[in-house]
Structure formats: structure tokens, C-alpha cells
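Asks: I have a structure I would like to understand better, so I am pasting it below and will then ask my questions one at a time.
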Amino acid sequence: MLRTIPTLFRQAVDDVPDRPWLTAGDTALSFAEAQDRIERGAAWLRAHGVGPGSIVMVTARNVAPYLLTWLSIMEAGATQLPVNPRSTAAELAGFVHQARPAVVVTDPELRPLVDEALATLGAGADRPLVVDVADLAAAEPDGLGPATVNPTDVAVMIPTSGTTGRSKLVMQTHLAYVMAGEGFPYWMGITADDRLMTSLPLFHINAPAYSTLGSVAARAGLVLLEGFSASRFLDDARRSGATEFNGIGAMLEILMRQPERPDDADTPLRLCYSAPSPTQERHEEIERRFGIELVCGYGMSESTYGLIWPRGADPRPFGTMGTARQHPTLGHVNDVRVREPDERGIGELELRNPAIMRGYFEMPDETAAVLVDGWIRTGDLARDEGDGTFTFIGRQKEVIRRRGENLSPAEVEAALEQHPGVVEAAVVGVPSELSEQDVKAFLVVADPARFDLAPVHALAREQLAAFKVPRYYEVVDELPRTPTQRVAKHRLPLERTPAEIDTEASPPQQRSHQ
């Protein structure tokens, strides 16, 4: 079988053409109806010179036309560069200068920002053609079928950051996306009777690879939400008949902070894939409240084959990332190891599988630093538990150096979040007058007006070695987040702030948060 995205979708069309597939707002399409839209978009692209080797930049909102545009770009054999629709003009200009797209697909609301970004190209520069996303669906099909591409050709260049400079653009292949789509139903126990719901962004990898192509491979339904709304999420599931959703980042914790209702478990939802893995106690609380089975794992833009809890594992590997993901028909394709483990078995997590990226676009040095002898160095610290499972410890680059010791922010965050008054914690290293760094914890708390820091600090001292215990604490309304709901620690202030508490200057005490 040729493992390309158009081939995977066309197989579903051949098998179940009239089965309902996509629900997004007022849009409802069967597999065959979606294929018609895909072919129209591909015809428009080909008529305007887009094909293998072309890059198409897309301001990828979470709506049906943009999802179908991605599949049209795949049908035409081009490479998609999906960007955050909330990007500034300067950020869009950075992507244009870096990737030099042949076409930019956008919409009337975002067109002024795109035009402002293109104005930075200067006189004489080749300018990409700008098209309204609605125009692609209005084209007439050309009957040419999918372009000839190889599974290892680059399908999508995934931005790992949106900056005004050079972003790392992950060159991910058709094979990586298709293998993710084939694997996800197998890992999760999804069948054609399921409906996968996602509110995760189309400019990342999770929603297109796991939810979208997972639904295609399983011949299941797909529900695309415009964004994540905790207050509407369960109602969206009820209305759409969704049975599975992906809840990476803090989504589950945000849902748990909603006022509890007696019908929280009265939905068609039965499954959730999430990362990172919570504690066993929290895991079971989430399952009880929402009446779902929660499956945890680990993946990344650079490889869709990471780790996941084995189906039916007994006992379940609470708190871990699970075991190496394998393919339902190809068998063992993925190896996982910890590089240079310390005395606690902690080291950098490495993966080796066919779903690893081709590299970072036009960044050979950065690529060479992470792709070594067929393995990808993830930049994440993990512990090998010795039974095939691995536990996430933290980002290697986030390691804090304090008093001559290295510590993981994730370990400190986990300790602080054991206190019932702490909803979420983010720990960072801040400048210290003693050189190296001090530890600061930003806390989102359940009741700011009555929050008492003293027992939280005492819990940290009980759970952690002295060098890991935060010196500074600051209560905040919320933590800054990336579009994929991960905590954006780079946006937390590293300088002293009036709201912080210095435990070495005065004992922790009850303090309200204004």
C-alpha cells in the first residue's frame, strides 16, 4: 500500500462513500462529499501552478474549509505551511520570508494582515498569490486525481514557534501522518461507530494526524470545533454525538475547574487521549466525573510515534507515558530509549521509527543536533521504569540549576499540585544574587481570596529536597498558554514582581489575591 494522505482518504471513500464523516459548525459532509470538495481545491491549485515542490501557506482556522484545503494541498502534491490565524503581521512576514510560499490561503478577515506581511517583501521580490479559502471549493474538478508523491515526501511544515525571526519548521512526511492515522484507532480502540471530536488547532499535528486521519482510517466520524470552550465542551459532545476527544495540555484540568453538574457524565463520550499523564488520584477523579476512559501518552511534531498506554493494561501504568507505540499491521516499528541515564535512570528520551521528521526546513545544524544515527533526541527528560514504560520528567532545556544541582520543574509542579487548593502550577528558574538560579512557582488557586500559602510551602518542603523547594511564589488568575494549551513559560516574568512572595524574606502567610 502507498502510504500517502490522498491514498488513505480515497480508500475510505471507496469503502464507505456515503457514510457521514465531517461535522463542523453548519457543515456536514460524507466521505464522498468531502472528496468532491478536496478535488475542487486541488484543481484550483493545479490551475495556478501549484504541485510537488510548491509550498502553500494557510492561515489555518478550525473550520471545515481550512481542513479541506489541507487535504486539497495533499491531493495536489504540494507542501502545506499552516500558521496560527492569530499571528501578527510581523509573524506572518517571518514565515513568508523564510518559506517563500507560492500561494497564501486566507479569508477576508485575515487578508489585511496577510497584505501587511507581504508588503515587507519589497520591490522586485516574488510575491505569493493570495486566495480566499472559499474560492478553492468553488472551482470545477479537473479529474486528474492525486499527484504522484512518495510516502517520504514532505507533506506539512509544522511551525514549532511563531516568531519574527526564523521558526523551526518541522518537515513531516506523508508516511508520518498516515501511520498516525492508522495507529490511533488501534491504540485507542476506536471503531467505525465512533465520532472523534477535536478542538485542537489545525496548525499543529494532533488534530490533523490523530483525530482527522484517525477518523479516516477507522471510517469513523469527525467533529471539528472552532476552539476549546470549557463551558460548552460537554454540550458540544452531546449535540454532535462525539464519543472520543483529545485533551492535551491543561484542557482536562480546565474542564475539572468548571462547576460540577449532575449530568457531567451524561454524554456519549467514552474515550479521551491526553498528555501529560496526571497522578493516579487525579486520573481516576477525571474518569469518574466525566464517565470516560482516559488514555495517556506522548507524541511530538517531530515524530507521531511516541508512547501510549497499552490497551487493557493491568495494572494501568498511572503517571507514565506508557510504552512504545507500534503499528497495527506493520508490527514493531518503534524503539524508545533513555540516553545517558543518571543514577536515578533519568536521561534524554530518544525515539527511532519511520515517522520521524525529515528535519527542520533549511536548518541543517539544528537538524543534525537532534537526528543522530537514526534516533531523534526529543529534548525531554524521562525515566526508564524497566518494564517497558517511561515516565516524563521535564524538558531538558527547562532544567533549573540551583545550588550546584539540576532540578526538573515538572517534579516541583507535581508536588505543589498535590495540595487541594492549587489548581495548577508553573515553575521556572529566575535570576539569583548567588549566581545560578532560584526557583519560582506561579500558582493558579481554587479560592484566591482565602488562599493560604503556608501549607503549600510546607508540602513542598515535605515532598522535595531543599534545593528543589521554591523560594518565590506568585498567585495568578491564569497561566499563559500556547495555542495547543501548553503552558507558555517563556511568557512568565523572570524579574521581581510586587505580587510575589519571597519565602526567605518573610515566612509564607495567608494572602489574598487581588
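Note that this note's numbering has the sequence shown beginning at 835, numbered continuously upward. Don't be surprised by glycine CBs; every beta carbon is placed ideally from N, CA and C.
Touching or not, the segment 919–933 and the segment 1045–1053, by the rule of three or more beta carbon pairs under 8 Å?
Replies: Touching, no.
Asks: Taking the alpha helix (DSSP H) that Ala1294 belongs to, which residues open and close that run?
Replies: 1287–1297 is the extent of the alpha helix (DSSP H) around Ala1294.
Asks: Could you check where the alpha helix (DSSP H) with Gln845 kicks off and where it finishes?
Replies: From DSSP, the alpha helix (DSSP H) with Gln845 extends over 839–849.
Asks: Indicate the three-state DSSP secondary structure (helix, strand or coil) for Ser1045 in the structure shown.
Replies: Correct three-state label for Ser1045: helix.
Asks: Quick test of the definition: if touching needs 3 or more C-beta pairs under 8 Å, does the segment 1000–1010 touch the segment 869–885?
Replies: The segment 1000–1010 vs the segment 869–885: no contact.
Asks: Given a threshold of 16 other Cβ atoms within 10 Å of its Cβ, counted over all protein chains shown, does Ala1248 qualify as buried or as exposed?
Replies: Answer is buried; the Cβ neighbour count reaches 16.
Asks: In the DSSP assignment, the beta strand (DSSP E) including Met1031 goes from what residue to what residue?
Replies: Where Met1031 is concerned, the enclosing beta strand (DSSP E) stretches over 1029–1032.
Asks: Beta-carbon within less than 7 Å of Gly1208's beta-carbon, same chain only, minus the 5 sequence neighbours each way: which residues are those?
Replies: Around Gly1208: Arg1186.
Asks: So, with DSSP's three-state summary, where would you put Ile815?
Replies: The first residue shown for the chain is 835 and the last is 1348, placing residue 815 beyond what the model contains.
Asks: I'd like to confirm the pairing. Which residues does DSSP put opposite Phe1018 in its beta bridges?
Replies: According to DSSP, Phe1018 bridges with nothing at all.
Asks: Give the list of continuous beta strand (DSSP E) stretches no shorter than 3 residues that lie fully inside the segment 1176–1240.
Replies: With a minimum length of 3 residues, the continuous beta strand (DSSP E) runs that stay inside the segment 1176–1240 are 1180–1186, 1209–1218, 1224–1229, 1234–1236.
Asks: State the Cα-Cα distance for the pair Ala968 and Thr913, rounded to the nearest angstrom.
Replies: For Ala968 and Thr913, the distance between alpha carbons rounds to 19 Å.
Asks: Give the single residue among Leu1141, Thr1025, Pro946, Pro1332 whose Cα lies nearest to the Cα of Ala1189.
Replies: Selected option, being the one with the closest Cα: Leu1141.
Asks: Determine the DSSP secondary structure at Asn1040, reduced to helix, strand or coil.
Replies: DSSP places Asn1040 in helix when its eight states are reduced to three.
Asks: Looking at the strands, I want to know which residues DSSP matches up with Ile889.
Replies: Looking at the DSSP assignment, Ile889 forms a beta bridge with Thr913.
Asks: By a C-beta neighbour count over all protein chains shown, 10 Å radius and 16 as the cutoff for buried, is Leu901 buried or exposed?
Replies: Counting Cβ neighbours within 10 Å, Leu901 comes out buried, since at least 16 surround it.
Asks: Going by the CB atoms, is the gap between Trp878 and Ala973 shorter than 8 Å?
Replies: Yes, the Cβ-Cβ distance between Ala973 and Trp878 is below 8 Å.
Asks: If we count Cβ pairs, one from each stretch, closer than 8 Å, do we get three or more for the segment 1118–1134 versus the segment 1099–1107?
Replies: Yes: the two stretches touch, three or more of their Cβ pairs being nearer than 8 Å.
Asks: Could you check if Asn896 is buried or exposed, using at least 16 other CB atoms within 10 Å of its CB as the buried criterion?
Replies: Burial call: buried.
Asks: Would you call the segment 1068–1078 and the segment 1161–1179 in contact, with 3 or more CB pairs under 8 Å?
Replies: Contact between the segment 1068–1078 and the segment 1161–1179 is absent, because fewer than three Cβ pairs lie under 8 Å.
Asks: Would you mind listing the alpha helix (DSSP H) stretches within the segment 909–955 that are 4+ residues and don't spill past its ends, in chain order?
Replies: List check, alpha helix (DSSP H) in window: 923–933, 945–952.
Asks: What residues are listed by DSSP as bridge partners for Asp1272?
Replies: BP columns for Asp1272 point to Val1264.
Asks: If you compare alpha carbons, which of Gly1263, Arg1305, Ala1084 is closest to Gln1319?
Replies: Per the Cα distances, Ala1084.
Asks: Taking the straight line between their C-alpha atoms, what separation do you get for Gly996 and Val1303?
Replies: Low confidence applies to Gly996: its pLDDT is 38, below 50, so where it sits in the model is not reliable, and the reading given next is rough at best. Each residue's alpha carbon lies about 33 Å from the other.
Asks: I'd like the list of long-range same chain contacts for Gln1271, defined as Cβ closer than 8 Å, with 5 residues on each side in sequence excluded.
Replies: Excluding positions up to five away in sequence, the list reads Ile1234, Arg1235, Arg1236, Gly1263, Val1264, Pro1265.
Asks: Looking at the unbroken beta strand (DSSP E) that takes in Val988, where does it start and where does it end?
Replies: Looking at the DSSP string, the run of the beta strand (DSSP E) that includes Val988 is 988–993.
Asks: I need the straight-line Cα distance from Arg844 to Thr1225, nearest angstrom please.
Replies: In a straight line, the C-alpha of Arg844 is about 38 Å away from that of Thr1225.
Asks: May I ask you to report which of helix, strand or coil DSSP gives Ser906?
Replies: It is helical.
Asks: Anyone know if the C-beta pair for Arg1305 and Glu1338 falls short of 8 Å?
Replies: Yes; because the gap between Cβ atoms is below 8 Å, this pair is in contact.
Asks: Closer than 8 Å is the cut-off here; do at least three beta carbon pairs connect the segment 1322–1331 with the segment 1286–1297?
Replies: The segment 1322–1331 vs the segment 1286–1297: no contact.
Asks: Grouping DSSP H, G and I as helix and E and B as strand, with all else coil, what is His1324?
Replies: Note: His1324 maps to helix in three-state DSSP.
Asks: By how many angstroms is the C-alpha of Ile1180 removed from the C-alpha of Ser1242?
Replies: Each residue's Cα considered, the two are about 11 Å apart.
Asks: Which residue wins for smallest C-alpha separation from Ala1158, given the options Arg1073, Thr1138, Pro1175?
Replies: The shortest C-alpha separation from Ala1158 is found at Thr1138.
Asks: Excluding the 5 residues flanking Met835 on each side, which residues of the same chain have their C-beta closer than 8 Å to its C-beta?
Replies: Contacts found: Thr841.
Asks: Going by the beta-carbon positions, is the gap between Lys1002 and Met1191 smaller than 8 Å?
Replies: Result no, Cβ atoms of Lys1002 and Met1191 do not sit closer than 8 Å.
Asks: If we require 4 or more residues per run, which alpha helix (DSSP H) segments fall completely within the segment 1066–1110?
Replies: List check, alpha helix (DSSP H) in window: 1067–1074, 1085–1090.
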